[in-house]
Amino acid sequence: MASRTTARPLQSILRRARPSCECASVQSTRRQCIRQISATTTKPGAKWETEPDERPRWSYTPEEMKAPYPWKPKDPERQFECNSDPKRLDKFYNNFLGPGGDQVLTDEVKWLAITHKSFDQGRRGFNDRLAFFGRRILNLQTNIALTRSGMATKMQSRPAPNDNREPFTHPKLEGLANLSDMPLGKVLTKERLATLATAAGMREIMRWQPRNPDRLATSGVDVVLNTGIYAIIGAIALQKGGAYANDVVREKILKPLGIS
Amino acid sequence: MKRLRIERWSGQLLTPRTRTRTIQPCCLRQQQQKLASYTARSYSSSSAAKHPSPDDELVFEDEGEHPELSASDYPSIPSYPSPLPSAALESAKLAALHARLGIPKKLPLQTMARTLVDPSADPHKHFNNASLAQLGGSIMSYHVSEWLLCTYPRLPMTVLFAAQYAYSGPKTLQLVAREWGVETAAAPGEEVDPGLLQFSKLEPGTKYGANREGGTVRPDSRSYYRRGISSRVVYDDEFGDAIPKLKDQNEPLPAELAYSNFVKAVIGAIYLHSGAEPAKTFVKRHILSRHLAMPGLFQFKLPVRELSRLCNREGFEYPVARILSETGRLSRHPVFVVGIYSGKDKLGEGSGPSLQEAKTRACVASLKAWYLYSPGKDVPVPSDMESGKGAGERGWEPVHIDMGEVIH
């Protein structure tokens, strides 16, 4: 039976909706001050004014989102150029996912997966949602790999010697002790995944804006690399299915990290 | 009326017993006290004088009925923190729970009993549900998140976190477990029925939650750092909440956490004994079948601005608010119905007692119509491909992947 659950209130960063300011609404009502049901005026044979752009969405910021003139002069020290060459991106995917890795994801998703929210103020999309899903997949696959890992079973810690109870044993529950011995936070650390991503060449192609381009470490490059890795896994799962993504996780992430 | 001779009565009742007389406990509490005193004596190296015999304080009503029993006949039973696995086969509560949930027969009752023991009740890792809960929790998070992303591909991150919490958070899992009919034991111990949830309960009035001391695992946990939404994906848990650093598993914990550990442990146990498909079916039947009103999770700061930025990004015509109808403009309760139009298309409609409110509500409705886009209710999810039957002969069809919410 379906039952109602209490929805959790959102985080405090989203405050309640406030009505728009007085002048804006007065202006709009002045222009469309119609008492009866309004109807749009359509010119006969009018074409769609804005032609759909030929360029791919990942490659440009929509013109309407840009200000008419620069707000303040650009600081040359804060400039950080990101990759915009599709060939370099394909090379990275071939490196990370193996031969044919550039054909796994579609064009837009390939770029979306390595675009952080800081890039272009989030106007070209970002990989948060994909990373959220990818992390769930990675956590699950790591837990499953640990329960099946023969190496970890050999190195299981012994229980306290004072307790002389006989636990209930079953062949299916053998790998369970590995999970308590090796907590996930120690296995899949931010640093290990960031090293893996750097080795595959993600630093050169990922799109982000560091707080300080001279000091990438304190600008959070590790977090951005982690988000990129998770996002690629999430994108593969949504575009190719769960089985494919699980294989990629096992072969390309867990095996290099030593969990099999 | 006869006057009551209190002193005579009290004298009879409070006559001290001699040490040499044999003591026969008449109720369970006294029997356990007796056994506890014996175990204390047998484990400690000091003499019996250190542990005062409870025989002096105990008052027995039926003295002398069983003179053949002596103190030495009671064996010294060590007290375990949780029932032995053999007790699981004799518990009616446990067997009834197992049958009521329709759990496959492959899952033995002893494992089911293990799922009901929290680490705070029994720290021994082969007797508590910590590992099972870790495995089951990750299975449940995966299935809930894939369902949410496939059913609502455009949800903003904050709403996604909130929806994940609403479906699989501790409060919900507590409701679920209570609906299953699982009750808690007053305190953990060996004599507790294996069908009860065993955990160490918090003292009433203990501060828990955000007020606890001890930082989080985030390195940027100073007050001057802003904990943004993007970094929560890497640092925090699946609800966007910071993971506390000092987490001793054997500490007392609130009931909702104990219940949620139990539900996760059941899922983990089903996975290990029966496989991935039965675990997924279990999650679908018990967790994903619940109703959540998604529109109620949204909270917009500046909906008019957000909608105009969205239209700019997507290349729609600039949104314009138009009055569709109104009544009672000069009265005390006017009603204005405003529609937001992008060119010829109406994006959303809202009504309110003032023009500003109606316009704001119309913008909110338009944004919700965008963010709550759904391809349908029974969408194929990525884990369908894991079972082998897959999503039909055509294989896996890529799910719609959205760019992200509007940042303004």
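Residue numbers (this note's numbering), protein chains in the order written: chain A, 1 to 260; chain B, 261 to 668.
Quick reminder that beta carbons are idealized off the backbone N, C-alpha and C, glycines included.
Owing to the predicted nature of the structure, the values given are computational and were not obtained by experimental measurement.
Here the alpha carbon of D120 of chain A sits roughly 11 Å from the alpha carbon of F80 of chain A. Within chain B, no C-beta atom comes less than 9 Å from the C-beta of F92 of chain A; the nearest is roughly 19 Å away.
Boundaries of the beta strand (DSSP E) harbouring R582 of chain B: 580 to 587, taken from the DSSP string.
The beta carbon of V187 of chain A sits no closer than 8 Å to any beta carbon of chain B. For R207 of chain A, the beta-bridge partners assigned by DSSP are A:T115. K505 of chain B sits close to G475 of chain B, with the two beta carbons spaced by under 8 Å.
Going by beta carbons, F387 of chain B and G500 of chain B fall outside the 8 Å limit. For the stretch 119 to 131 of chain A, the beta-carbon criterion of a distance under 9 Å to any beta-carbon of chain B is satisfied by Q121, G122, R123, R124, G125, F126, N127, D128, R129, L130, A131. In terms of CA proximity to S647 of chain B, A:N246 leads the group A:N246, A:R250, A:I253, A:L97.
Taking 8 Å as the cut-off, the beta carbon of L238 of chain A is found closer than this to the beta carbon of P642 of chain B. In the three-state reduction of the DSSP assignment, G599 of chain B falls in the strand class, which pools E and B. Y495 of chain B and T227 of chain A have their C-alpha atoms some 10 Å from each other. For the pair L367 of chain B and R88 of chain A, the Cα-to-Cα distance works out to about 51 Å. In terms of Cα proximity to L607 of chain B, the closest of B:G599, B:S614, B:P613 is B:G599. Close to D102 of chain A, with beta-carbon spacing below 9 Å, lies no residue of chain B; the smallest spacing is near 16 Å. Secondary structure of K91 of chain A (DSSP, three-state): helix. Looking at B:V523, B:Q616, B:L632, B:P640, the one whose alpha-carbon comes closest to that of M372 of chain B is B:V523. Within the stretch 346 to 422 of chain B, the complete alpha helix (DSSP H) segments at least 4 residues long are 352 to 360, 369 to 375, 390 to 411, listed from N- to C-terminus. With a threshold of 16 other beta carbon atoms within 10 Å, E566 of chain B meets it and is buried. In the DSSP assignment, L513 of chain B is bridged to B:K461.
Annotation: Cβ neighbours of E406 of chain B in chain A (cutoff 8 Å, chain order): F133, R136, A237, G242. By the CB criterion at 8 Å, V377 of chain B and S351 of chain B fall outside the cutoff.
Note that the stretch 207 to 221 of chain A does not touch the stretch 170 to 179 of chain A; fewer than 3 beta-carbon pairs, one per stretch, sit closer than 8 Å. In summary, the residues of the stretch 59 to 87 of chain A whose CB is separated from some CB of chain B by less than 7 Å are P62, E64, M65, in the order they occur in the chain.
In terms of Cβ geometry, L552 of chain B and Y427 of chain B form a close pair [threshold 8 Å]. In the structure shown, T169 of chain A adopts coil according to DSSP, grouped into three states.
A:D222 is the residue among A:N127, A:D222, A:K72, A:P76 whose C-alpha sits nearest the C-alpha of A197 of chain A. S602 of chain B is positioned such that its CB atom lies closer than 8 Å to that of C571 of chain B. Of all alpha-carbon atoms in A:A243, A:K252, A:I259, A:A231, the one lying nearest the alpha-carbon of F126 of chain A is that of A:A231.
Listed along the chain, the chain A residues whose CB falls inside 8 Å of the CB of Q434 of chain B amount to none; the nearest CB is some 11 Å away.
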